[in-house]
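The opening residue of the sequence shown carries number 9 in my numbering; numbering runs sequentially from there.
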Amino acid sequence: MGNQVVVVTGGARGIGYGIAECFAEKGASLVLADVNGERAQESAERLGALGAAGAIGLECDVSNRAQVAAMVEEACREFGRIDVLVNNAGICPFVDVMDLDPEVFAKTIDVNLMGAYHCTHLVAQKMIAQGEGGRIVFITSLAENVTGPAQVDYGASKGGMRMLMVGFATRLGRHGITCNAIAPGMILTDMTRSHWEQPGPAEEIKHRVPMGRIGVPRDIGHAAVFLASNEAEYVNGITLRVDGGHQAVCA
Ligand code: NDP
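Structure representation (structure tokens):
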């Protein structure tokens, strides 16, 4: 468990970095693959102090298959193998669907859905060749099931990502590779900060979330560490909601 090699896409900040922190504390080696290569390297440098056996930051746009292939090769050159992939990189333009350019719709699908496909397809080939199983975690969203007018592209991408996870789970289980999703609730990151730090929404959290607080990236990190553990060997093809009970509230 402690010596796992873990690739986190979009790992330079936000939920991805919180996930990397939690793996670092378990002594893992981390590859932060992010469209912002400079920030990925800076973030990787901080992980040693938390206990990471090693950490590198690589520039990689997950929607570009050639860049994903190069990232996977570089990760294997540096650490010899990949044990865990966390498909975390994602975007959410948050524009009403009737005003949304088709190009923006396509980009959301390209990054969130195609990106997870490229990473999973290429990393799974390495894991199968290694012959020791593996763990693949997809960071979806409550939007894998429900969405709204300004998140039609996002909901389509996350619903698709859930079925991508389920489909790969059916194919990769025979190799000892599990695929699962984490659906975060409302998590305070740069993607959501401008909304949740306004007085109204901040107050709303207390009423809408039974735990009475907004989530933090490490809430998702701890769940990812569990899904990547030996103890989760027989957990395959599920979505684990980490939302403080948000979706359990029906009124
Ligand atoms: P952030 O925007 O804070 O961080 C996302 C990271 O991914 C950034 O470093 C970003 O780089 C990087 N990134 C963006 N596009 C690409 C790409 N094409 N290739 C590689 N890296 C990329 O987002 P969050 O941490 O909030 O979200 C992380 C994941 O969690 C996403 O998939 C999101 O949909 C999901 N999620 C988030 C929730 C929340 O409340 N925050 C709720 C539910 C799900 P850059 O900053 O340079 O763009």
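A virtual CB, placed ideally from N, CA and C, is assigned to each residue, including glycine. Here the structure is a predicted model, which means the values were calculated and not measured.
Span of the beta strand (DSSP E), counted from its first residue to its last, around V174
The count along the sequence shown starts at 1 and reaches residue 174 at position 166. In the DSSP assignment, V174 falls outside any beta strand (DSSP E) and within the unbroken alpha helix (DSSP H) covering V160 to L180.
Let me know the secondary structure DSSP gives S51 once reduced to three states.
Counting from one through the sequence shown, the residue named residue 51 turns up at place 43. Note: S51 maps to helix in three-state DSSP.
Extent of the continuous beta strand (DSSP E) to which L38 belongs
Looking up residue 38 in the sequence shown gives position 30. Segment S37 to D42, the beta strand (DSSP E) holding L38.
Residues near Q75 by beta carbon distance below 8 Å, same chain, minus five either side
Numbered from its first residue, the sequence shown carries residue 75 at position 67. Closer than 8 Å at Cβ, skipping near neighbours: E67, C68 and D69.
Hey, would you say G59 sits closer than 7 Å to E33, going by beta carbons?
Position 51 of the sequence shown, counting from 1, holds the residue named residue 59. Position 25 of the sequence shown, counting from 1, holds the residue named residue 33. Yes, the Cβ-Cβ distance between G59 and E33 is below 7 Å.
Buried or exposed, going by whether 16 or more other CB atoms sit within 10 Å of the CB of Q206?
Within the sequence shown, numbered from 1, the residue matching residue 206 stands at position 198. Q206 is exposed by the Cβ-count criterion.
Close Cβ partners of G245 (< 6 Å) along its chain, the five nearest in sequence each way excluded:
Looking up residue 245 in the sequence shown gives position 237. Cβ within range, chain order: V174 and A177.
Quick check: the region 145-153 against the region 181-194, are there 3 or more CB pairs under 8 Å?
Judged by Cβ distances under 8 Å, the region 145-153 makes contact with the region 181-194, as three or more pairs qualify.
Buried/exposed call for E29, threshold 16 Cβ in 10 Å
The residue you call residue 29 lines up with position 21 of the sequence shown. Buried, because 16 or more other Cβ atoms sit within 10 Å of the Cβ of E29.
D42 beta carbon less than 7 Å from that of A36:
Taking the first residue of the sequence shown as 1, we reach residue 36 at position 28. Taking the first residue of the sequence shown as 1, we reach residue 42 at position 34. No, the Cβ-Cβ distance between A36 and D42 is not below 7 Å.
Local conformation of V70 per DSSP, three classes
Here residue 70 is taken as the residue at index 62 of the sequence shown, counted from 1. In the structure shown, V70 sits in coil (DSSP, three-state: anything other than H, G, I, E or B).
Would you mind giving the Cβ-Cβ distance between N95 and F31, rounded to the nearest angstrom? I have them listed as a contact below 8 Å.
Translated into positions along the sequence shown, residue 95 becomes position 87. Translated into positions along the sequence shown, residue 31 becomes position 23. Their Cβ separation, rounded to whole angstroms, is 15 Å, which puts N95 and F31 out of contact at 8 Å.
Just checking V15 against the ligand NDP - is the residue's beta carbon closer than 6 Å to any of the ligand's heavy atoms?
By 1-based counting over the sequence shown, the position of residue 15 is 7. For the ligand NDP, not one heavy atom lies less than 6 Å from the Cβ of V15.
Would F102 count as contacting chain B if we go by Cβ distances under 7 Å?
Included in the structure is just one protein chain, with no chain B present.
Taking Cβ positions, are S165 and L121 nearer each other than 7 Å?
What you label residue 165 is simply residue 157 of the sequence shown in a count that begins at 1. What you label residue 121 is simply residue 113 of the sequence shown in a count that begins at 1. Cβ distance < 7 Å, so S165 and L121 count as in contact.
Please tell me whether G22 and T155 are closer than 7 Å, where the distance is taken between their beta carbons.
If you number the sequence shown from 1, residue 22 lands on position 14. If you number the sequence shown from 1, residue 155 lands on position 147. Going by C-beta atoms, G22 is not nearer than 7 Å to T155.
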